[in-house]
Amino acid sequence: MVPAAGRGERLGPGAPKALRELGGAPLLVHAVRALGRSRAIGLVVVVAPPDGVEQVLGLLDGHGLDGENVQVVAGGATRQESVRLGLAAVPADVGIVLVHDAARPLVPVEVVDAVAAAVRDGADAVVPAVPLADTVKRVEPRPNGEPEPVLDTPERATLRAVQTPQGFRRDLLDAVHAKALADESVASQDAPPAATDDAGLVERYGGRVVVVPGHEEAFKVTRPLDLVLAEAVLARRRASDGF
Ligand code: C5P
């Protein structure tokens, strides 16, 4: 599944992030193709902006991604809601689901294969991740560039930057999304914030998540500089192997 319903405001004004162009095709098209390169993937469910289903269908069609193994559904206000709506469209007989951000257009097929294989081999939830180059500090957030008091510095060797696709036993992913929805409706005041990744929901409800090696080219296109980097990676791939 590819949740692609975010606005992507950190990238600057313009089209929804998933529809921004990279090397002549929208990020979303790259992401769908990246999943499609894996033999582990039988169906890709794309979660489009709520008002953009027709546009996304047209774009996928225009790039030859209109077969019966690609389906488009409308997303929601948060990533969590978009994934829940996407899950509802996954056929009942599918036992393993991978959730991949449209914003990670260049994930190598080896990462997709490794995540799927780890779930097939018995893991409940699998995330690809890479070690951090930067030291990370926890702070008390303050607005407008005010100095922020540092709380502590987690040991860098124990930290990982998490990527996608994240892979799940389908029944587990269904269950944690249903629980999160129920929790939201019971206590909107005290409800935990919407999850920024699906593995986070599994952790919240006591499930076991494991990490497999990610890849530096699976980075998320978030800020304008990321698009420059993505263009460079794509150009290098096209030059080296006619990708
Ligand atoms: O905002 P962020 O970069 O964390 O979004 C990650 C992915 O979730 C993106 O592919 C984005 O399109 C998707 N998303 C979504 N529905 C939302 C918000 C984000 O499908 N309401």
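Under our numbering, the final residue of the sequence shown carries the number 257; numbering is consecutive throughout.
Beta carbons are placed, not taken as given, at the ideal position from N, Cα and C, and that holds for glycine.
(request) Please state if the CB of V113 and the CB of T178 are separated by a distance shorter than 8 Å. (result) In the sequence shown, residue 178 corresponds to position 164, counting from 1. In the sequence shown, residue 113 corresponds to position 99, counting from 1. Contact: yes.
(message) Between the alpha carbons of V153 and R174, how many angstroms are there, rounded?
(response) Locating residue 153 in the sequence shown gives position 139, counting from the first residue. Locating residue 174 in the sequence shown gives position 160, counting from the first residue. In a straight line, the C-alpha of V153 is about 18 Å away from that of R174.
(request) Starting from the Cα of P17, find the closest Cα among V58, L25 and R53 and give me that residue. (result) By one-based count along the sequence shown, residue 17 stands at place 3. Ranking V58, L25 and R53 by Cα distance to P17 puts V58 first.
(message) Check whether the stretch 65-82 and the stretch 136-150 touch, using three or more Cβ-Cβ pairs below 8 Å as the test.
(response) no
(request) Return helix, strand or coil for L7, following the three-state DSSP convention. (result) What the structure shows of the chain is the stretch from 15 to 257, and residue 7 is not part of that stretch, so it cannot be assessed.
(message) Whole angstroms are fine: how far does the CA of V235 sit from the CA of R184?
(response) By 1-based counting over the sequence shown, the position of residue 184 is 170. By 1-based counting over the sequence shown, the position of residue 235 is 221. Going by the C-alpha atoms only, they are around 27 Å apart.
(message) Looking at L99: is its Cβ nearer than 8 Å to the Cβ of V87?
(response) Taking the first residue of the sequence shown as 1, we reach residue 99 at position 85. Taking the first residue of the sequence shown as 1, we reach residue 87 at position 73. It is a contact, given that the beta carbons lie within the stated cut-off.
(request) Give a yes or no on whether the C-beta atoms belonging to A213 and V200 are separated by under 8 Å. (result) Reading the sequence shown from its first residue, position 199 is the one you call residue 213. Reading the sequence shown from its first residue, position 186 is the one you call residue 200. In this structure, V200 does not lie closer than 8 Å to A213 by Cβ.
(message) Please state whether the Cβ-Cβ distance between L120 and A48 is less than 8 Å.
(response) Translated into positions along the sequence shown, residue 120 becomes position 106. Translated into positions along the sequence shown, residue 48 becomes position 34. Yes. Within cutoff.
(request) Mind checking who I110 pairs with in its DSSP beta bridge? (result) Residue mapping note: residue 110 aligns to position 96 of the sequence shown, counting from 1. DSSP lists R183 as partners of I110.
(message) By the DSSP assignment, the beta strand (DSSP E) with L73 in it spans what residues?
(response) If you number the sequence shown from 1, residue 73 lands on position 59. Element bounds for L73: not the beta strand (DSSP E) but the alpha helix (DSSP H), V67 to G76.
(message) Checking 8 Å against the spacing of the C-beta atoms, do G93 and A208 come in under that value?
(response) Within the sequence shown, numbered from 1, the residue matching residue 93 stands at position 79. Within the sequence shown, numbered from 1, the residue matching residue 208 stands at position 194. Residue identity differs from the one stated: residue 93 is Arg in this sequence, not Gly. It is a contact, given that the beta carbons lie within the stated cut-off.
(request) Using 10 angstroms around the beta-carbon of A128, count the other beta-carbons present and answer buried if the total reaches 16, otherwise exposed. (result) Against the sequence shown, residue 128 aligns to sequence position 114. Buried, since its Cβ has 16 or more Cβ neighbours within 10 Å.
(request) Look at the alpha carbon of V123 and the alpha carbon of E160, and state the distance between them as a whole number of angstroms. (result) The count along the sequence shown starts at 1 and reaches residue 123 at position 109. The count along the sequence shown starts at 1 and reaches residue 160 at position 146. Roughly 42 Å between the two C-alpha positions.
(request) Could you spell out where the beta strand (DSSP E) holding R98 opens and where it closes? (result) To locate residue 98, count along the sequence shown from 1; it is residue 84. That residue, R98, is in no beta strand (DSSP E); its alpha helix (DSSP H) goes R93 to L101.
(request) Could you tell me which residues DSSP pairs with P145 in its beta bridges? (result) Locating residue 145 in the sequence shown gives position 131, counting from the first residue. Its beta-bridge partners are R174.
(message) Using only CA atoms, which one of N83, P105, V70 and P64 lies nearest to S96?
(response) For the purposes of this step, residue 96 is identified with residue 82 of the sequence shown, where counting begins at 1. Among N83, P105, V70 and P64, the Cα nearest to that of S96 belongs to P64.
(message) Can you check which of these residues, S52, G90, R237 and S254, is closest to P27 by C-alpha distance?
(response) Counting from 1 along the sequence shown, the entry for residue 27 is found at position 13. Comparing Cα-Cα distances from P27 to each of S52, G90, R237 and S254, the minimum goes to R237.
(message) Could you tell me the alpha carbon to alpha carbon distance between V226 and A45, rounded to whole angstroms?
(response) On the sequence shown, position 212 is the one that residue 226 refers to. On the sequence shown, position 31 is the one that residue 45 refers to. So the two alpha carbons sit approximately 20 Å from each other.
(message) Could you pull the DSSP bridge partners for E35 from this structure?
(response) Looking up residue 35 in the sequence shown gives position 21. Its beta-bridge partners are P40.
(message) On the criterion of 16 or more Cβ atoms from any shown chain inside 10 Å, does V190 qualify as buried, or is it exposed?
(response) The residue you call residue 190 lines up with position 176 of the sequence shown. It is buried - the Cβ of V190 has at least 16 other Cβ atoms within 10 Å.
(request) Measure the alpha-carbon distance for A196 versus P157 and round it to whole angstroms. (result) What you label residue 196 is simply residue 182 of the sequence shown in a count that begins at 1. What you label residue 157 is simply residue 143 of the sequence shown in a count that begins at 1. C-alpha separation (whole angstroms): 32 Å.
(message) My output table needs one value for L11: the three-state DSSP class, helix, strand or coil.
(response) One cannot answer for residue 11 here, as it falls past the ends of the chain, which runs 15 to 257.
(request) Return the residue from the list E68, Q69 and E230 that minimises the CA-CA distance to P145. (result) Counted from its first residue, the sequence shown places residue 145 at position 131. Checking every option, the nearest Cα to that of P145 belongs to E230.
(request) Helix, strand or coil for V60, going by three-state DSSP, please let me know. (result) Within the sequence shown, numbered from 1, the residue matching residue 60 stands at position 46. Correct three-state label for V60: strand.
(message) Among the candidates L248, L71 and Q180, whose CA atom is the shortest distance from the CA of L215?
(response) Start at 1 with the first residue of the sequence shown, and residue 215 comes out as number 201. L215 has its Cα closest to that of Q180, out of L248, L71 and Q180.
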